[in-house]
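For reference, the structure discussed in these notes is given below.
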Amino acid sequence: MRIAGAVRVAVAAAACGVLLTSCGSGSDDSTRTTKNDGGAGQAKGGGSARQKPADLKSIPDVGDRLQSKIPKDSRQVVAVYGDGEDSAKSTVVLFTKTSKADATWEKARSWPAHNGKKGWTTAHRENDKRSPVGVFTLTDAGGVLADPGAKFPYTKSDSMQAPHYWPRTHWHDFDYVIAIDYNRAKGTPPNDPTRPQGQAKGGSIWLHMDHGSGTSGCVSLSKAGMEHLLRTLDPKQHPVVVMGDRANLKA
């Protein structure tokens, strides 16, 4: 059940002191809408041209361990390929299937990206500056800017504004956000502070806009890339993110 507007205001306010150690901030009003259908649209720029590889039966360069964690009914996968375990550079690739009966993945778009400034980890901890390796569902979105046509439930809120004591280059990081369901309550705004596995395991791991360098643990890409993902990823397609450095992805 989704949290009512008044309750979300209180939750966002409570998040203020928590989320600055990860990728979020929070305390202000928010509005939330649910998009169940409508066209995905095409973002202009920010990604490579659409192409269809032959006989792509699984997500490339992802080993059986993580491949098996991709839900059978998922027809959209955001793959994040980290350059190395200690690298902050990565590439985001969107893979899709056209129907439930389609066994072949299609590489739809790709974008240069960044991840945690210290790289990746299979045991993420609060404030370790590394992004968690794994397969995670994607269910909720939001940002400082108005809904660009997202199919996810979208929360527009100034509470997601990056604090202005951060470098100016980071001020627009959270204009658009897609929450990665790592240690969070699904069906809530991205900056909801609830952490079901406890504070020590960290949280507020998001896809958000890029500032040109590593993050506190999130994955960042261009504004055009975020707009495309928001307009394309559809809860009905059961989207997930598969993320990690290339060695851990293949393991």
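Here the sequence shown is numbered in the working numbering, starting from 63 and rising by one per residue. Ideal Cβ positions, reconstructed from N, Cα and C, are used throughout, including at glycine. As the structure is a prediction and not an experimental result, all values here were calculated from the model.
Whole-Å CB distance - residue i paired with residue j, under 8 angstroms assumed
i, j, result
"D135", "H300", "5 angstroms"
"S282", "H176", "5 angstroms"
"T183", "V195", "7 angstroms"
"G279", "S193", "5 angstroms"
"V304", "L128", "6 angstroms"
"E188", "A262", "6 angstroms"
Candidates the options, of which the one nearest residue i by Cα
i, options, result
"D296", "A163, S278, K159 and W182", "K159"
"D307", "E168, K180 and S161", "K180"
"L311", "Y143, Q138 and P133", "Y143"
"E289", "Q259, R171, G260 and D148", "R171"
"A150", "H234, A212 and P174", "P174"
"G146", "G276, K263 and G287", "G276"
"R293", "D209, S284 and T231", "D209"
"K213", "I121, V302, L291 and S120", "L291"
"V155", "D164, A141, A165 and T166", "A141"
"D148", "E168, I121 and G178", "G178"
"G260", "T153, S152, S120 and H186", "H186"
"S219", "Y238, E188 and T166", "Y238"
"W167", "S120, G249, P215 and D272", "S120"
"V302", "S284, S152 and F157", "F157"
Status (buried if at least 16 other CB within 10 Å, exposed otherwise) for residue i
i, result
"N253", "buried"
"Q138", "buried"
"P133", "exposed"
"H226", "exposed"
Cut-off 6 angstroms between Cβ atoms - residues of its own chain near residue i, not counting five sequence neighbours on either side
i, result
"K131", "V197"
"K162", "none"
"L269", "I240 and V281"
Own chain partners of residue i with C-beta closer than 7 angstroms, once the 5 adjacent residues on each side are dropped
i, result
"G274", "T231"
"K191", "G178, K179, K180, S278 and G279"
8 angstroms Cβ shell around residue i - same chain, five flanking residues per side excluded
i, result
"K248", "T199, T201 and D202"
Are the region 198–209 and the region 242–251 touching by the rule of at least three beta carbon pairs closer than 8 angstroms? yes
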